[in-house]
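Visitor: Each residue of the sequence shown is one higher than the last, beginning at 35 in the numbering used here.
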Amino acid sequence: MSLWATLVSEALQTVWPAGCAACDRTIPEQALFCGACNLSINPMVGACAGCALPLGGGAAERCPTCRRVPFPFAGATSGFEYGEALAEAVVRMKHGGRRDLARRLARLLVHPLAETLSRGEFDGGDLVVPVPLHPARLRARGFNQAHELARWALAGLSAARAVSSPWRKSDRAETGAAGPDARSSGAPNTGGIQASSDAADGPAPPVSATRRLSPPAVRPGAPLPRLDGALLRRIRLTRELGHAGPAARLAEVAGAFGVGDADRARGRRVLVIDDVFTTGATFSACADALLAAGARAVHVLALARAV
Ligand SMILES: [Zn+2]
Ligand SMILES: [Zn+2]
């Protein structure tokens, strides 16, 4: 999509903002999905810390597969199961030129982002890196959805923290501590999506409007890592793999990523963000490149997880 078409599309969205992200039905201004679509959104709760798949009970932090054959990244988080309305919204965002949807969907990432940063003990010297698109694909799409999601989720988290004294107080009251377990004990639910914070678009709304999506759990005062959209590069154009299996995906993306300036990665924790975690092949290739460049640890975060 050309820059002009993107600008026109964004302007139209500003004039007419309140459409369901999946089906365009008219919805309240702060909502993301209509009531019907909202019913299909499943927050990922109690997932494996290694692959972000549901653990299915038990006290283990990692599933048997991750214990046997761990991914190269240290930890993985996703916000929601990939499917139905959320999948529709992601496809419209990526393939329908809907950059505005990236900004709106980023609201759903604010909480998982806070949880991931807390769990990985990130601080201001560390980096948040979107999974890059190949320049040819970036030109065709007009924007990198992973970059948009990362940018607006960080902005949302920053805004939430700026007005966070009531948030933090209620967070501690609800979950016992503003720590990494906040999501499992104060799990967001589908109702929270409609009432969730619009912090990415500006100051967070009053606390009463945000109660059903528990507020971000971040170490008070810990500076947020910086967004670095240029560190990781896609050095080889890969095919869109659709429903390809894990082996085909691994083969396709192996060596597809490179680090532009290893000095920027060396010794830092890096959080890699993407829209969808499918088999982990893309995240693994990114982690391999970052670790080879000297990153101290790589964590990954996706808006949605294919289960
Ligand atoms: Zn809808
Ligand atoms: Zn696992």
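The C-beta atom is built at its ideal place from N, Cα and C for all residues, glycine as well.
Closer than 5 Å between the C-beta and any heavy atom of ligand 1: which residues qualify, listed along the chain?
Guide: This selection yields CYS54, ALA56, CYS57, ARG59, CYS68 and CYS71.
Visitor: Count the other CB atoms, across all protein chains shown, that sit within 10 Å of the CB of ARG344; report buried if there are 16 or more and exposed otherwise.
Guide: The structure shown does not extend to residue 344, since the chain spans only 35 to 341, so no value can be given for it.
Visitor: Consider the C-beta atom of THR99 and the heavy atoms of ligand 2; say whether any pair is separated by less than 7 Å.
Guide: Answer for THR99: yes, Cβ within range of ligand 2.
Visitor: Here's the rule: buried if 16 or more other CB atoms are within 10 angstroms of the residue's CB, otherwise exposed. What is LEU73?
Guide: Looking at its Cβ environment, which holds fewer than 16 other Cβ atoms inside 10 Å, LEU73 is exposed.
Visitor: In chain order, what residues of the same chain lie with their CB nearer than 8 Å to the CB of ASP262, ignoring the 5 residues before and after it?
Guide: Counting only Cβ-Cβ distances below 8 Å, and skipping sequence neighbours, we find LEU161, VAL162, VAL163 and ARG298.
Visitor: Which residues does DSSP pair with ARG303 in a beta bridge?
Guide: ARG303 is bridged to ALA331.
Visitor: Comparing alpha-carbon positions, which option in ALA315, PHE67, GLY276 and ARG185 lies nearest ALA290?
Guide: Among ALA315, PHE67, GLY276 and ARG185, the Cα nearest to that of ALA290 belongs to ALA315.
Visitor: Is there at least one non-hydrogen atom of ligand 2 closer than 7 Å to the beta-carbon of GLY159?
Guide: Because no heavy atom of ligand 2 lies under 7 Å away, the Cβ of GLY159 does not count as near it: no.
Visitor: Tell me whether ALA285 sits in a helix, a strand or coil according to DSSP, three-state version.
Guide: Three-state result, ALA285: helix.
Visitor: Is the stretch 73–83 touching the stretch 107–115, taking contact as three or more C-beta pairs under 8 Å?
Guide: They touch, by the three-pair rule.
Visitor: Assuming contact is defined by CB atoms lying nearer than 8 Å, are GLU182 and ARG133 in contact in what I supplied?
Guide: Yes, Cβ-Cβ distance for GLU182 and ARG133 is below 8 Å.
Visitor: Using CA atoms only, rank isn't needed, just tell me which of GLY276, GLY130 and ARG303 is closest to PHE311.
Guide: Checked all of GLY276, GLY130 and ARG303; the closest Cα to PHE311 is GLY276.
Visitor: Per DSSP, ALA110 is paired with what?
Guide: DSSP, once it has assigned bridges, lists VAL334 as partnering ALA110.
Visitor: May I ask whether a heavy atom of ligand 2 can be found less than 7 Å away from the beta carbon of LEU258?
Guide: No, Cβ of LEU258 sits at least 7 Å from all heavy atoms of ligand 2.
Visitor: Can you tell which of GLY131, ARG268, ALA282 and PRO98 has the C-alpha that lies nearest to the C-alpha of THR313?
Guide: The residue with the shortest Cα to Cα distance from THR313 is ALA282.
Visitor: Counting Cβ pairs, one atom from each stretch, are 3 or more of them under 8 Å apart for the stretch 89–98 and the stretch 122–129?
Guide: No, because fewer than three Cβ pairs between the stretch 89–98 and the stretch 122–129 fall closer than 8 Å, the two stretches do not touch.
Visitor: Compute the Euclidean distance between the alpha carbons of LEU139 and LEU66, then round it to the nearest angstrom.
Guide: Going by the C-alpha atoms only, they are around 8 Å apart.
Visitor: Any heavy atom of ligand 2 within a distance shorter than 7 Å of the CB on CYS82?
Guide: For ligand 2, at least one heavy atom lies less than 7 Å from the Cβ of CYS82.
Visitor: Suppose you measure from the CA of THR60 to the CA of ALA180; what does that come to, to the nearest Å?
Guide: In a straight line, the C-alpha of THR60 is about 26 Å away from that of ALA180.
Visitor: Could you spell out the range, first to last residue, of the beta strand (DSSP E) harbouring VAL125?
Guide: Run containing VAL125: none in the beta strand (DSSP E); it sits in the alpha helix (DSSP H), 118–129.
Visitor: Cβ of ARG96 versus every heavy atom of ligand 2: is any distance shorter than 7 Å?
Guide: Indeed, a heavy atom of ligand 2 lies less than 7 Å from the Cβ.
Visitor: Quick check on this structure: which residue in LEU305, PHE177, CYS100 and PRO259 has the alpha carbon closest to the alpha carbon of GLY131?
Guide: For GLY131, the nearest C-alpha among the options comes from PHE177.
Visitor: Compute the minimum distance between the beta carbon of LEU87 and the heavy atoms of ligand 2, and state whether it is under 7 Å.
Guide: The answer is yes for LEU87.
Visitor: What is the rounded straight-line gap between the Cα of ALA323 and the Cα of LEU337?
Guide: Looking at the two C-alpha atoms, the distance is approximately 22 Å.
Visitor: Give the straight-line distance between the Cα atoms of ARG303 and LEU151, rounded to the nearest whole angstrom.
Guide: In a straight line, the C-alpha of ARG303 is about 10 Å away from that of LEU151.
Visitor: For ALA187, which option in ALA136, ALA340 and GLY158 has the closest C-alpha, if you only look at C-alpha atoms?
Guide: Ranking ALA136, ALA340 and GLY158 by Cα distance to ALA187 puts ALA136 first.
Visitor: Could you tell me which of VAL341, LEU335 and ASN76 sits nearest to VAL144, measuring between CA atoms?
Guide: Ranking the options by Cα distance to VAL144, first place goes to LEU335.
Visitor: Does DSSP put ALA340 in a helix, a strand or coil?
Guide: ALA340: coil per DSSP, three-state reduction.
Visitor: My parser needs the alpha helix (DSSP H) runs of 4 or more residues fully inside the stretch 155–194; what are they?
Guide: Taking only runs of at least 4 residues, the alpha helix (DSSP H) segments lying wholly in the stretch 155–194 are 169–175.
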